[in-house]
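A.B. asks: Submitted below is the structure of interest, expressed as structure tokens.
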């Protein structure tokens, strides 16, 4: 299907490549180089190292990369003992990260109820470093069926 470009001209949209079955495909977290360090309902930690591909126009870690790291920790902790989907998220950025730095997202529960749960995720420079960003997220949840 031809699509018009601003300024004139056209390009063709082709069908996307066939998807690889999930067990053989890399997840988004794997593509970004994330590693789960700990995963429990009380504390989950996920890490990545900032690469050149994850930089923004200022040469610092892209906000989307930092958000993705926090979101992965949020997804892991919230789905350990329930089926959960995000209902609301918010992120505040405090400091920049540079290429080569290891970032660790530390997720802890703020409140876990029967149908809603809220989690706090701090994105830190290294294992115990300063907090670069703070993510708060709420999920809609239901207990996993046995």
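In my numbering, the protein residues as written are -4 to 141.
Cβ atoms here follow ideal geometry from the backbone N, Cα and C, with glycine treated the same way.
(1) Pick out the complete beta strand (DSSP E) segments inside the segment 13 to 73, 3 residues or longer, and give them in chain order.
(2) For residue 120, tell me which candidate among 36, 23, 90, 62 has the shortest Cα-Cα distance.
(3) Have a look at 63, 81, 55 and flag the residue whose alpha-carbon is nearest the alpha-carbon of residue 30.
(4) Tell me which same chain residues have a C-beta within less than 7 Å of the C-beta of residue 77, skipping the five on either side of it?
(5) Which word fits residue 73, buried or exposed, when buried means at least 16 other C-beta atoms lie within 10 angstroms of its C-beta?
(6) What's the C-alpha gap between residue 33 and residue 55?
(7) Distance check for residue 45 and residue 101, CA to CA, integer angstroms please.
(8) Does the Cβ of residue 40 have 16 or more other Cβ atoms within 10 Å, making it buried, or fewer, making it exposed?
(9) Just tell me which of 122, 125, 98 has its CA closest to the CA of residue 67.
(10) Rounded to whole angstroms, what is the Cα-Cα separation between residue 48 and residue 22?
(11) Since residue 36 contacts residue 75 with CB under 8 Å, what's their CB separation in whole angstroms?
(12) Tell me which same chain residues have a C-beta within less than 7 Å of the C-beta of residue 105, skipping the five on either side of it?
(13) Measure the alpha-carbon distance for residue 43 versus residue 127 and round it to whole angstroms.
(14) Output needed for residue 85: all residues of its chain with C-beta closer than 8 Å, excluding positions within five of it in sequence on either side, in chain order.
(15) Where residue 124 and residue 117 are concerned, what is the direct C-alpha to C-alpha distance, given to the nearest angstrom?
C.D. replies: Working from what's here:
(1) 30 to 34, 39 to 44
(2) Here residue 120 refers to the residue found at position 125 of the chain shown. With distances taken between Cα atoms, residue 120 lies closest to 90.
(3) In the chain shown, residue 30 corresponds to position 35, counting from 1. Per the Cα distances, 63.
(4) Locating residue 77 in the chain shown gives position 82, where the first residue counts as 1. Taken in chain order, the residues that qualify are 136, 137, 138, 139.
(5) As a first step, residue 73 must be located in the chain shown, where it is residue number 78. Buried.
(6) Counted from its first residue, the chain shown places residue 33 at position 38. Counted from its first residue, the chain shown places residue 55 at position 60. Taking the straight line joining both Cα atoms gives about 26 Å.
(7) The residue labelled residue 101 in the question sits at position 106 within the chain shown. The residue labelled residue 45 in the question sits at position 50 within the chain shown. Each residue's alpha carbon lies about 17 Å from the other.
(8) Looking up residue 40 in the chain shown gives position 45. It is buried - the Cβ of residue 40 has at least 16 other Cβ atoms within 10 Å.
(9) Position 72 of the chain shown, counting from 1, holds the residue named residue 67. Answer by Cα proximity: 98.
(10) Taking the chain shown and counting its residues from 1, one reaches residue 48 at position 53. Taking the chain shown and counting its residues from 1, one reaches residue 22 at position 27. About 17 Å.
(11) Your numbering for residue 36 matches position 41 in the chain shown. Your numbering for residue 75 matches position 80 in the chain shown. Contact flag correct, Cβ pair sits at about 5 Å.
(12) Looking up residue 105 in the chain shown gives position 110. The answer, listed in chain order, is 113, 114, 115.
(13) For this step, residue 43 is matched to residue 48 along the chain shown. For this step, residue 127 is matched to residue 132 along the chain shown. Going from the Cα of residue 43 to the Cα of residue 127 covers about 14 Å.
(14) Your numbering for residue 85 matches position 90 in the chain shown. Hits under 8 Å: 130, 131, 132.
(15) The count along the chain shown starts at 1 and reaches residue 124 at position 129. The count along the chain shown starts at 1 and reaches residue 117 at position 122. If I take the Cα positions, the gap works out to 11 Å.
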